[in-house]
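Letter 105 of the sequence shown, counting from 1, is numbered 105 in full-length UniProt numbering, and no numbers are missing. Single-structure report; data block below.
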Amino acid sequence: MFKNILTNSLSKQILRTNHSRIISTNQISFIYRSFSIYQPVWHGHLKTPKPGEELKVTFIEKDGNQKTFDVAEGETLLDIAQGHNLDMEGACGGSCACSTCHVIVDPDYYDAIPEPEDDENDMLDLAYGLTETSRLGCQVKMKKDIDGIRVALPQMTRNVSSNDLK
1 MFKNILTNSL
11 SKQILRTNHS
21 RIISTNQISF
31 IYRSFSIYQP
41 VWHGHLKTPK
51 PGEELKVTFI
61 EKDGNQKTFD
71 VAEGETLLDI
81 AQGHNLDMEG
91 ACGGSCACST
101 CHVIVDPDYY
111 DAIPEPEDDE
121 NDMLDLAYGL
131 TETSRLGCQV
141 KMKKDIDGIR
151 VALPQMTRNV
161 SSNDLK
C-alpha cells in the first residue's frame, strides 16, 4: 500500500512522533509495515473462475430483475451478491450471526445444498418472509452440484441489532 515514502533527500531529516521522541529517518525504511503475510479477505472480494470451471448463479432482485453471474467454486452467495453490488447487507460479515443475507432458493436446487446447521436455523427464525427453501447466503457455498442455482432476494430483511437500537 504505502511504499518507501522517505527519499534520499529526506534521509537526514528528523521526524518527531506524537510522544516527542526523535526518530532518525536513516533508521527506518518504511513508515507503513504489514503485520501479516496474509492478504485480508473482504466480503465481496471474488476469485476469478478458471476457464471451463465457471459456475452460474442467478439472483432475482426485489424488483424481479434477474442477474446471472459466472463464479468460482467455493464462493458464498453473500460474497457473490456483494461483489456485484446487489442489495444484500450481510451485517455480521458472514459469520452466521444475523439474517440480513437471507435468500430464497429455487426448490429445484434446495435439496442439493447441505442441510443448514443449528446456528443457521436459529438465525433463519429471525428472517423476514421465511419460506421452506430459505437459507442464509453466507452459508451457501457454490459447488458443481448447484451450478445454475437461482435465488431470490426477499422484499425486506430484518437487522435485529440495528432495529433494537432505535
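For every residue, glycine included, the Cβ atom is placed at its ideal position computed from N, Cα and C.
Practice prompt. Within the same chain, show all residues whose beta-carbon is closer than 7 angstroms to that of A81, passing over the 5 residues directly before and after it, in chain order.
Written response: Counting from one through the sequence shown, the residue named residue 81 turns up at place 81. So the qualifying residues of the chain are F59, M88, G137.
_I'd like to confirm the pairing. Which residues does DSSP put opposite A97 in its beta bridges?_
Against the sequence shown, residue 97 aligns to sequence position 97. None, per the DSSP bridge assignment.
*With burial defined as no fewer than 16 other Cβ atoms inside 10 Å of the residue's Cβ, what is the status of T76: buried or exposed?*
The count along the sequence shown starts at 1 and reaches residue 76 at position 76. T76 is buried by the Cβ-count criterion.
query: When DSSP builds the beta bridges, which residues end up paired with L136?
result: In the sequence shown, counting from the first residue as 1, residue 136 sits at position 136. In DSSP, L136 forms a bridge with H102.
How long is the line joining the alpha carbons of L130 and I104, rounded to whole angstroms? Within the sequence shown, numbered from 1, the residue matching residue 130 stands at position 130. Within the sequence shown, numbered from 1, the residue matching residue 104 stands at position 104. The straight-line gap from Cα to Cα measures roughly 8 angstroms.
>> Am I right that C101 and G90 are in contact with their C-beta atoms under 8 angstroms? What's the rounded C-beta distance?
In response: In the sequence shown, counting from the first residue as 1, residue 101 sits at position 101. In the sequence shown, counting from the first residue as 1, residue 90 sits at position 90. Contact flag correct, Cβ pair sits at about 5 angstroms.
Among D111, S134, T157, I146, which one has its Cα closest to the Cα of G74?
-> Taking the first residue of the sequence shown as 1, we reach residue 74 at position 74. Nearest of D111, S134, T157, I146 to G74, Cα basis: I146.
Spatial distance of K144 from L86 (CA atoms): Position 144 of the sequence shown holds residue 144. Position 86 of the sequence shown holds residue 86. Looking at the two C-alpha atoms, the distance is approximately 23 angstroms.
* Within its chain, find whatever has a CB closer than 8 angstroms to the CB of Q139; leave out the 5 residues flanking it on each side and keep chain order. => Translated into the one-based positions of the sequence shown, residue 139 becomes position 139. Closer than 8 angstroms at Cβ, skipping near neighbours: T76, C96, P116, E117, E120.
Exercise for the section: In the DSSP assignment, find the beta strand (DSSP E) that holds L55 and state where it starts and stops. Expected result: Start at 1 with the first residue of the sequence shown, and residue 55 comes out as number 55. L55 -> beta strand (DSSP E) spans 55–60.
| task | Identify whether D119 lies in helix, strand or coil by the three-state DSSP scheme. | result | Within the sequence shown, numbered from 1, the residue matching residue 119 stands at position 119. The answer is helix: DSSP assigns D119 an H, G or I state.
Can you give the Cα-Cα distance for L78 and P51, rounded to whole angstroms?
To locate residue 78, count along the sequence shown from 1; it is residue 78. To locate residue 51, count along the sequence shown from 1; it is residue 51. Each residue's alpha carbon lies about 23 angstroms from the other.
Discussion item. On the CB-based measure, 16 or more other CB atoms within 10 Å of its CB, does V156 come out buried or exposed?
Written reply: Against the sequence shown, residue 156 aligns to sequence position 156. Per the sequence shown, the amino acid found at residue 156 is Met instead of Val. So M156 ends up on the exposed side.
Checklist entry - What number of angstroms, rounded off, separates the C-alpha of A127 from the C-alpha of E54? => result Along the sequence shown, one-based indexing puts residue 127 at 127. Along the sequence shown, one-based indexing puts residue 54 at 54. Roughly 30 angstroms between the two C-alpha positions.
Note to self: What would DSSP say about K47, mapped onto helix, strand or coil?
What the structure shows: Reading the sequence shown from its first residue, position 47 is the one you call residue 47. In the structure shown, K47 sits in coil (DSSP, three-state: anything other than H, G, I, E or B).
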